[in-house]
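Take a look at the structure set out below.
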Amino acid sequence: MRKRTRPAILHSTTLVLLIALSMGWLGLGADVRAQSTTEIPESSAVAPAIAVAPPTEVRVQDAPNDHGHALTVRWKLSTDDGQGQNNILAYRILRTPKLVGPLPMDSAKSGTDLQVFSSPETIYEEAVWRLIPDQWDTLGQVPLGTSKYENRGGKQRDAKDFLPDATPFQYKVIATTAAGGMGISEASAPAQSSGQIVHTSKLQFIGIPVVIFTALVLGFISAAKRGRELYIRPLAGIGAVDEAIGRATEMNRPILYVLGLGAPDDIATIASYTILSRVAKKVAEHRTELLVPCYDAVVMSIAQETVRQAYLDAGRPDEYKEDMVYYVTQEQFAYVAAVNGTMLRRQTATNFYLGVFYAESLILAETGSLAGSIQISGTDRVTQIPFFIVACDYTLIGEELYAASAYLGREPKLLGTLKAQDWAKGMFIAFMIFGLVGAALQWNWVVSLFRMSF
Amino acid sequence: MKRQLPLIIIFVCGIFMVFQYFIPHENSEFIYEFAALDWPPIIGVFALTLGIISLVRVSATKISKRDEDWQYSIVTLLGLAAMIIAGLPWFGGQTSPAVKWQFDFIMRPIIATIFSLLSFFIASAAYRAFRARSVLASILLISAVIVMIRFMPLGPFTDIVSRTADWVLNVPNLAAKRAIIIGVGLGIISTALKVVLGVERSYLGRD
Chain A
248 MRKRTRPAIL HSTTLVLLIA LSMGWLGLGA DVRAQSTTEI PESSAVAPAI
298 AVAPPTEVRV QDAPNDHGHA LTVRWKLSTD DGQGQNNILA YRILRTPKLV
348 GPLPMDSAKS GTDLQVFSSP ETIYEEAVWR LIPDQWDTLG QVPLGTSKYE
398 NRGGKQRDAK DFLPDATPFQ YKVIATTAAG GMGISEASAP AQSSGQIVHT
448 SKLQFIGIPV VIFTALVLGF ISAAKRGREL YIRPLAGIGA VDEAIGRATE
498 MNRPILYVLG LGAPDDIATI ASYTILSRVA KKVAEHRTEL LVPCYDAVVM
548 SIAQETVRQA YLDAGRPDEY KEDMVYYVTQ EQFAYVAAVN GTMLRRQTAT
598 NFYLGVFYAE SLILAETGSL AGSIQISGTD RVTQIPFFIV ACDYTLIGEE
648 LYAASAYLGR EPKLLGTLKA QDWAKGMFIA FMIFGLVGAA LQWNWVVSLF
698 RMSF
Chain B
13 MKRQLPLIII FVCGIFMVFQ YFIPHENSEF IYEFAALDWP PIIGVFALTL
63 GIISLVRVSA TKISKRDEDW QYSIVTLLGL AAMIIAGLPW FGGQTSPAVK
113 WQFDFIMRPI IATIFSLLSF FIASAAYRAF RARSVLASIL LISAVIVMIR
163 FMPLGPFTDI VSRTADWVLN VPNLAAKRAI IIGVGLGIIS TALKVVLGVE
213 RSYLGRD
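As given, the protein sequences belong to chains A and B, one line each in that order.
Under the working numbering, residues 248 to 701 are what the first sequence spells out, in order.
Under the working numbering, residues 13 to 219 are what the second sequence spells out, in order.
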């Protein structure tokens, strides 16, 4: 005698589901996110199934803080999950209406049983998606003990996993067992996805600190403008710049300035431009030769303008030559070979390595060291700092690279930003101690303050 | 106006990028993708032309002036020409056998050679760094030795060496790295603010 506790859900297509689930156990349906169609009938009595308690309270809501095209499904676990019969293996998530597409625009049609979806937005390539009611897409499955599924679709209209915004979807969750048992939840209430205007989590954890930091920066700049004396601890590497340029002048040898392998929009590269500007001005005043081999053509263009302007400011525009700043190659080790060759052939008196560096840092710095050059380096890449420290005379560690321009310029406005950085670091330390104490004393409200979700 | 216009452009673009970061909406992403992701490659293509012109000019000048080791510049120009010619559509384009041959049998061995120099440089740099000239240098030496021998079978000492090395890496080393990373983060924000607000404008030539 068959045990039939849920006759409403037993149907011929239930057999299909069972086979599909079995394939899942056997690893035949490896991609659990792959979509397949499942029809869930109202009633039938063809295939047997072992009854298990279904998940309940299936709720769907728009995923927060995103560009849309995502819905979050939550449910209450089956009472057989970890307790009761304790035989739940996974939860399978289904969605209706079924999405068919992308179809070409000219296949768009309307009718009583079909809905045609096309977005009024025209920013992306358009495609037609057909919404078929009362048919279910199987989205994927999650292991036992999981009560949440993120249905994150693509935003491109021609993407296979496209999930339209402003379109109501319903979800069901099926609890499944290894023996083929299943318990199907009630359908959720319809929900639709949409993009948010403000990322609240980012605003809370990044936006507010940035606003505070900006206020500090502006406050200290204002104080500096009013003539307040700001003490900035001396940096040996910066202090050595004048000495290094003077040495090159005395030895009548060129100065090599390497901007690193960073892209033109890397902040370390931008910081390096500002230092290059100040170094180039001093070099122009001393009438020393400057060599700036570049790894990136855009960086070269910007560096050329920077050096040209520095020579103009120094009152020696005629001393500037276009070939001072030149392009080498965008191949990492070919660039290294070229720069090393320049160091050894030209016997550069001073080498600056300021910017973004990778594995080439030690090769460059060691070659310069062997060539007897005085070397000043600085990078924000933590992994490369030790190499520079051992091979260079002076190294700007991390943030010191960003501070160098302010040190060289000694302008009150720039020094104000350094002071703001120090205050911000103090605030960070205070927050860290606060969090540490809160975590040690198991104050969950303190711990939750530091929990980020993005 | 010559300096004000770039500053205005930088300010507007910088402020847009700041706000864009906090706006996840699809339209915001689209503008970001258009403004920040599509433009750089276009500019890069033009800049690459300037780069190649620069390379050719510098090399040609060296050859014409017979600068020191000017012969290398001939090799540079020949290499540039050979790769460009081999990649022309009439010779099979970028995937032509000639391009592949040059990559496989010239570029790769040279690059591997340069990269392999690193092992020797690491040895020489380590020798210099690990000389126990002071208390701090001695601590560095001891820490380095512990970390280097952590995977060696050392009989009864294996476990303690391994644990000590893990402690060195996960406590003092990680603490220092995190401190640098926090400083770098603040420095990045600070530099970006200075540039966006026009406080730092030395790269535009005004001190």
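The beta-carbon is built from N, C-alpha and C at its ideal position, and this holds for glycine as well.
Distance, residue j Cα to residue i Cα
i: B/G195; j: A/R480; result: 15 Å
i: A/V375; j: A/K402; result: 13 Å
i: B/G26; j: A/L609; result: 34 Å
i: A/T576; j: A/P511; result: 15 Å
i: A/I340; j: A/T303; result: 13 Å
i: A/E613; j: B/D171; result: 35 Å
i: A/K407; j: A/Q631; result: 42 Å
i: A/G276; j: A/Q388; result: Here A/G276 scores only 36 on pLDDT, less than 50, and its place in the model should not be relied on; the value that follows carries that caveat. Approximately 11 Å, taken between the alpha carbons.
i: B/N39; j: A/L450; result: 19 Å
i: A/V487; j: A/Y641; result: Correcting the residue identity first, residue 487 of chain A is Ala in this sequence and not Val. For A/A487 and A/Y641, the distance between alpha carbons rounds to 8 Å.
i: A/I444; j: B/P36; result: 6 Å
i: A/L661; j: B/A187; result: 29 Å
i: A/L391; j: A/I421; result: 11 Å
i: A/A653; j: B/T107; result: 48 Å
i: A/V572; j: B/D178; result: 45 Å
i: A/V629; j: A/D513; result: 15 Å
i: A/L482; j: A/Y649; result: 12 Å
i: A/Q668; j: B/G199; result: 7 Å
i: A/G663; j: B/F23; result: 19 Å
i: B/N185; j: B/G99; result: 48 Å
i: A/Y574; j: B/F127; result: 21 Å
i: A/A213; j: B/S150; result: Shown here, chain A extends from 248 to 701; a query on residue 213 of chain A therefore has no answer.
Check: residue i C-beta below 7 Å from any heavy atom of the ligand COA
i: A/A531; result: Summarising the ligand content, the structure contains no ligands, and the ligand COA is consequently not present.
Any C-beta of chain A under 8 Å from that of residue i
i: B/K14; result: no
i: B/G63; result: yes
i: B/R78; result: no
i: B/T176; result: no
i: B/V111; result: no
i: B/R140; result: yes
i: B/V180; result: no
i: B/V211; result: yes
i: B/D81; result: yes
i: B/L186; result: no
i: B/P18; result: no
Chain B within 8 Å of residue i, Cβ atoms only
i: A/M590; result: no
i: A/L378; result: no
i: A/Y236; result: What the structure shows of chain A is the stretch from 248 to 701, and residue 236 of chain A is not part of that stretch, so it cannot be assessed.
i: A/Y649; result: yes
i: A/K666; result: no
i: A/H446; result: yes
i: A/A462; result: no
i: A/I468; result: yes
i: A/G507; result: no
i: A/A686; result: no
Counterpart residues of residue i in DSSP-defined beta bridges
i: A/K395; result: A/R321
i: A/Y574; result: A/C541
i: A/M429; result: A/A298, A/T423
i: A/P390; result: A/A337
i: B/K74; result: In DSSP, B/K74 forms no bridge with anything.
i: A/D309; result: A/L318
i: A/A438; result: A/F416
i: A/F599; result: A/Y504, A/I623
i: A/F409; result: A/G401
Same chain only: Cβ atoms within 6 Å of residue i, ignoring 5 sequence neighbours per side
i: A/R342; result: D384, L386, F416, Y418
i: A/L346; result: W376
i: A/R593; result: P501
i: A/S624; result: Y600, F635, C639, T642
i: A/V693; result: G685
Sequence-distant residues of its chain with Cβ nearer than 8 Å to residue i (five each side left out)
i: B/E229; result: Given a span of 13 to 219 for chain B in the structure shown, any question on residue 229 of chain B remains unanswerable.
i: A/K528; result: A557, Y558, D560, A561
* To do: Select from the region 542-560 of chain A all residues with a C-beta closer than 7 Å to any C-beta belonging to chain B, and list them in chain order.
  => A544, V545, M547, S548, T553, Q556, A557, L559, D560
* Contacting positions in the region 311-325 of chain A - beta carbon closer than 9 Å to chain B -> N312, D313, H314, G315, H316
* **Contact set between the region 602-613 of chain A and chain B, restricted to residues whose Cβ is under 9 Å from the partner** => A606, E607, L609, I610, A612, E613
* Interfacial residues, the region 196-208 of chain B to chain A, with Cβ spacing under 9 Å -> V196, G197, L198, G199, I200, I201, S202, T203, A204, L205, K206, V207
* Using a Cβ cut-off of 8 Å, which residues of the region 65-76 of chain B contact any Cβ in chain A, in chain order? -> S66, L67, R69, V70, T73
* To do: Give the residues from the region 113-146 of chain B that approach chain A closer than 8 Å (Cβ to any Cβ), ordered along the chain.
  => For the region 113-146 of chain B, which is checked against every Cβ of chain A, the residues closer than 8 Å are M119, I122, I123, I126, F127, L129, L130, F133, I134, S136, A137, A138, R140, A141.
* Asked: Between the region 569-586 of chain A and chain B, which residues of the former have a C-beta closer than 9 Å to a C-beta of the latter?
  -> E569, D570, V572, Y573, Y574, V575, T576, Q577, E578, Q579, F580, A581, V583, A584, A585
* Output, in sequence order along the chain, the residues in the region 509-524 of chain A whose CB is closer than 9 Å to any CB in chain B. => A510, P511, D512, I514, A515, I517, A518, Y520, T521, I522, L523, S524
* Taking a Cβ distance cut-off of 7 Å, strictly less, list which residues of the region 48-61 of chain B are near chain A, in chain order. => I55, G56, A59, L60
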